[in-house]
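Participant: The structure follows.
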Ligand SMILES: Nc1ncnc2c1ncn2[C@@H]1O[C@H](COP(=O)(O)OP(=O)(O)OP(=O)(O)O)[C@@H](O)[C@H]1O
Ligand SMILES: [Mg+2]
């Protein structure tokens, strides 16, 4: 049976994709699932160290997955196309990267692919990370910070996904360290406007075990696609 494969993306950078993906990986492994968690394109790699990829691979118990043939590492903390314009080597063409990810999808029940930044981050002159998700034919797990402004970002991301025929496995509202008024109503608004989209909440917590147990509840929602 082919594994369940998900593309973990969201509405921006630094919103908790890696923290969430690590927690989901731990939750799935504690149920006995074989997990691979990869970051095929990572920028901001100081001295070539891909911190996100290393964290994901360690969580999955497959350190070798941090660096696989065909993956792209950039030095500047920029979108790949921005780094290319600064003179860095471009990422591989999307079909080639998709093949590299396919090769990393064996031997697992669940494959989690973390994008870089948000869904529509420019990959090259004509593509964004949404095109990578299309090439992978992979449903999205869309993360958004649960705060004022999230509704616009959610609407834009949902519209972009629908326009490309991308399935949304779940929309995950990630708590912020301090909740604002919108944090109470965002989920209600999204539920009413997008009843077909499954919503989940992920806590802000310094406790990795707490995050993994929250991710375990989300796993049921996410795997039921
Ligand atoms: N749920 C959370 N609970 C506590 N801290 C969090 C949580 N999510 C994110 N953080 C904090 O925010 C930082 C950025 O999160 P993370 O690296 O997961 O973002 P990202 O979306 O993967 O970013 P990038 O776009 O660079 O890949 C983390 O190093 C951590 O300190
Ligand atoms: Mg990350």
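In our numbering, the protein residues as written are -1 to 223. For every residue, glycine included, the Cβ atom is placed at its ideal position computed from N, Cα and C. Because the structure is a prediction, the values reported are computed rather than measured.
Going by CA-CA distance only, name the one from 143, 167, 56, 126 that's closest to residue 200.
Facilitator: That would be 143, whose Cα lies nearest to the Cα of residue 200.
Participant: CB-CB under 7 Å to residue 175, same chain, minus the five flanking residues each way: which ones, in chain order?
Facilitator: These residues qualify, in order along the chain: 202.
Participant: Count the CB pairs spanning the stretch 122 to 137 and the stretch 89 to 100 that are closer than 8 Å, and state whether there are at least three.
Facilitator: Touching, per the Cβ criterion.
Participant: Quick check on the contact list: which residues have their beta carbon closer than 5 Å to a heavy atom of ligand 2?
Facilitator: That query returns the following residues: 15, 16, 50.
Participant: Please work out which residues of its chain come closer than 6 Å, Cβ to Cβ, to residue 178, disregarding the five sequence neighbours upstream and downstream, and give them in chain order.
Facilitator: So the qualifying residues of the chain are 145, 146.
Participant: Would you mind working out which of 170, 209, 215 sits nearest residue 196, comparing C-alpha positions?
Facilitator: Among 170, 209, 215, the Cα nearest to that of residue 196 is on 170.
Participant: Output yes if chain B places a C-beta closer than 8 Å to the C-beta of residue 22; else output no.
Facilitator: Absent from the structure is chain B; it holds one protein chain and no more.
Participant: Tell me which residue opens and which closes the alpha helix (DSSP H) that residue 112 is part of.
Facilitator: Element bounds for residue 112: not the alpha helix (DSSP H) but the beta strand (DSSP E), 108 to 112.
Participant: With three or more beta-carbon pairs closer than 8 Å as the criterion, would you say the stretch 10 to 17 touches the stretch 106 to 121?
Facilitator: Yes, the stretch 10 to 17 is in contact with the stretch 106 to 121.
Participant: Quick one: grab the DSSP three-state call for residue 168.
Facilitator: Here residue 168 sits in strand by DSSP.
Participant: Is there at least one non-hydrogen atom of ligand 3 closer than 7 Å to the beta-carbon of residue 166?
Facilitator: With respect to ligand 3, the structure offers nothing, as its ligand set consists of ligand 1 and ligand 2.
Participant: Exposed or buried, residue 50, counting other C-beta atoms within 10 Å across all chains shown (16 or more means buried)?
Facilitator: Label assigned to residue 50: buried.
Participant: Between the C-alpha atoms of residue 20 and residue 124, what's the straight-line distance to the nearest angstrom?
Facilitator: About 31 Å.
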